[in-house]
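Count along the sequence shown starting at 1, add 2, and that's the number in the working numbering.
Each residue gets a CB set at the ideal place from its N, CA and C atoms; glycine is no exception.
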Amino acid sequence: MKEVMDIPVKIDNSAHDWAASMLSSLSLKEKIGQLIHMAAWSNRGAAHDEQLLKTIQEYGVGGVIFFQGDPERQAVLTNACQEVSKVPVMISIDGEWGLGMRLDGVEAFPYQMTLGAVADPSLIEEMGRLVGRQMRRLGVNLNHAPVIDVNTNPANPVINFRSFGQQVEAVQERATAYMKGMQSEQVLACAKHFPGHGDTAVDSHLALPVLDKSLAELKATELQPFAHLFREGVGAVMTGHLQVTVLQNDKRASSLAKEIVHTLLQEQMGFKGLVVTDALDMKAVADHFPPGGAEVEAFLAGNDVLLFVRDVAVTVEAMLQAVKDGRIAEESIDKRVYKQLLFKYWMGLSSYESVDLENIVEEVNTGISELNEKLFAASITCPKRELADGQALEALFSFFGEGEQVEQGALAHHTTTKGSERSQKMPVFDAGWMAAYPQCQRFECRFAGSSAPFTMPEIKEGAEVMLAIHDVRLKAPGNFGLNDQLLNAVRALVSKYRVHLVFFGNAYALGSLPELEQCASIMLAYQENHYTQKYMLEALQGHISMHGRLPVDVASWSAGSGLSINH
């Protein structure tokens, strides 16, 4: 198999011996099964688990991608999958911010937009190592991350906060660090979504986005991070479900287009690693091709792995028929199965040992909180500051947006937002500020479901005040949960006082605030949790330095800007 000798991870001759031996033991039906990676959940009960194991046994399924569940039950199900399979199963997860993105009981790492503000890439590489370590402990071999889409559309409904930002160099630097950290722990990274999903206005989970750019524009922005990560040794790439008009001959997802996958990705850009489709149940594909049909087209386009097929039995039959009809050569199936087997060898699956259940929850969480302290502290960004450390202020205004609601849609594929806790307790930041400055008045206004106008308190005009904005949604629809009442209240404050703004939320949401540039100070934390509230307070009190950089343009501040304040 000379065509698959040059994969981007280090293997020796024993890998080829093992891959050749395994391949020779498989029937055509089993080889087709190896191309299929099916979806699984560890929280759906005995009937789901039984069907999963039966399908793996019957069709020789090559991989399983896990979604919701918890570490203990996923470990049990992973062991069961490996036990019933003739060929070791490649276990994957879509864990952009670690196992905590999918599994209960595991603390999450920061979103990639938050990491885009972290100036020190060595911290992100450290996070990559820890993500790799926690995944390997759980028996996960492939993480469908990082996202290396350059997010140039602020209203992008599907990438947005999942991107490292809008600057090509910043995206590829952070993505490389994340990838190298993971792969150093023998967990394969997967760069996505080729050829670039950052300038789309449609969610591919719901419909087919169209990217209408010239080839020169694609080469200058979308394709650059992929080329960079290919040179740096990323092991896998995920093909995206979007139509790229300048490169395609018909209206279909680029993941199913030979001009994109085979010609551009593999021939012109020279990628030799594992090529994985995005989930084939997404409507950008599923609305245009029936089960089985989409998978055949994905294979013909050049993909190695058919991810999240809707019907395994139908897909296997469709592939067998395509071989019989002469549309697919069995030799091409052999090459792609052989390639996947080489990666399985690199992952250590030739000598698989069962996942040890003892202390698994504690061990997949080891080190996360300590590293999160560093990452969230390093992300605090200050585009503008006219506030002295410990300066006395007349008042703290606490404004609350509409927050997350489960019914507002998906946080990620098959993962809904958990919703805001709607706690009436004072946030950590506010409580800490009031404890430090008890002479400061505090005014709270919750705008969710409210149509009442904001009532201005009796404070002298021109007074120095703090405005903290909480409960901001991650995604753009509904203006990030910042309704007209809240925006009007911000406008009223800025027109009367010197406002020092503290914002907990998406950087794009910050840019939607009226009269933002009239604020005397602006401090941004990209997520709202106990880490960001704690370190925002410490930064304002002069206890920690601030070196965060904007990952995207905000008002007149360009991506990459931010004050360096040393303490």
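query, result
"With distances taken between CB atoms, is the gap from R493 to A522 smaller than 8 Å?", "no"
"Measure the C-alpha to C-alpha separation of P516 and F402 and round it to an integer number of angstroms.", "16 Å"
"Within its chain, find whatever has a CB closer than 7 Å to the CB of E409; leave out the 5 residues flanking it on each side and keep chain order.", "Residue placement at E409 is poorly supported in this model, since its pLDDT is 42, which falls under 50; the coordinates are not used for a value here."
"Mind reading off the beta-carbon distance from Q136 to N153? Whole number of angstroms is fine, and I expect it under 8 Å.", "About 26 Å; that fails the 8 Å criterion."
"Return yes when the Cβ of L37 is within less than 8 Å of the Cβ of G64, no when it is not.", "yes"
"Determine whether the beta carbon atoms of Q529 and Y180 lie at a separation below 8 Å.", "no"
"DSSP on P227, reduced to helix/strand/coil?", "helix"
"Are the beta-carbon atoms belonging to P459 and A172 less than 8 Å from one another?", "no"
"Can you grab the Cα-Cα spacing for the pair A209 / H290, in whole Å?", "10 Å"
"Which residues in the same chain have their Cβ closer than 7 Å to the Cβ of E388, if we skip the five residues on either side of it in sequence?", "A522 and S523"
"To the nearest angstrom, report how far apart W559 and G200 are at their CA atoms.", "20 Å"
"Which residue's Cα is closest to the Cα of M57: D151, V316, V120 and G562?", "Note on identity: in this sequence residue 57 is Thr, with Met being the wrong assignment. The option with the nearest alpha carbon to T57 is V316."
"Report yes if the C-beta distance between F449 and E404 is below 8 Å; otherwise report no.", "yes"
"For the region 9 to 34, list the alpha helix (DSSP H) runs that are entirely contained and at least 4 residues long, ordered along the chain.", "15 to 26"
"How far does the beta strand (DSSP E) with P459 in it reach, from first residue to last?", "P459 -> no beta strand (DSSP E), and no H or E assigned at all."
"Output the distance between the C-alpha atoms of V66 and N568, rounded to the nearest integer angstrom.", "47 Å"
"Whose CA, out of R104, L343 and V339, lies closest to the CA of Q70?", "R104"
"Is it right to say G272 is buried, meaning 16 or more other beta carbons lie within 10 angstroms of its own, or is it exposed?", "exposed"
"List the endpoints of the continuous alpha helix (DSSP H) containing L282.", "From DSSP, L282 is part of no alpha helix (DSSP H); its letter is neither H nor E."
"For S44, is the classification buried or exposed, using 16 other Cβ atoms within 10 angstroms of its Cβ as the cut-off for buried?", "buried"
"Which of the three DSSP states, helix, strand or coil, is assigned to R500?", "strand"
"Is V263 closer than 8 Å to N305 when the C-beta atoms are compared?", "yes"
"What's the gap between the Cα of E365 and the Cα of M92?", "22 Å"
"Would you mind sorting L127 into buried or exposed? The rule is 16 or more other CB atoms within 10 Å of its CB.", "Correcting the residue type first, residue 127 is Glu in the shown sequence and not Leu. By the neighbour-count rule (16 or more Cβ atoms within 10 Å), E127 is buried."
"In whole angstroms, what separates the C-alpha of V248 from that of V287?", "19 Å"
"Assign M7 to one of three DSSP states: helix, strand, or coil.", "coil"
"Within 10 Å of its beta-carbon, does S26 have 16 or more other beta-carbons around it, so buried, or fewer, so exposed?", "exposed"
"Could you tell me how far apart the beta carbons of F456 and C447 are, in whole angstroms, since I believe they sit closer than 8 Å?", "6 Å"
"Expressed to the nearest angstrom, what Euclidean distance is found between the alpha-carbon atoms of H195 and M129?", "21 Å"
"Counting contacts by CB-CB distance shorter than 8 Å, is I95 in contact with chain C?", "Here chain C cannot be found, since the structure has a single protein chain."
"Answer yes or no: do G513 and I471 have a C-beta to C-beta separation smaller than 8 Å?", "no"
"So, with DSSP's three-state summary, where would you put E423?", "Its pLDDT being 45, under 50, E423 is placed unreliably by the model, and nothing is read from it."
"What's the gap between the Cα of Q268 and the Cα of K274?", "7 Å"
"From A82 to Q53, what distance separates their C-alpha atoms?", "12 Å"
"Have a look at the DSSP bridge pairing and note the partners of V149.", "K194"
"Compute the minimum distance between the beta carbon of K194 and the heavy atoms of the ligand ADP, and state whether it is under 7 Å.", "Summarising the ligand content, the structure contains no ligands, and the ligand ADP is consequently not present."
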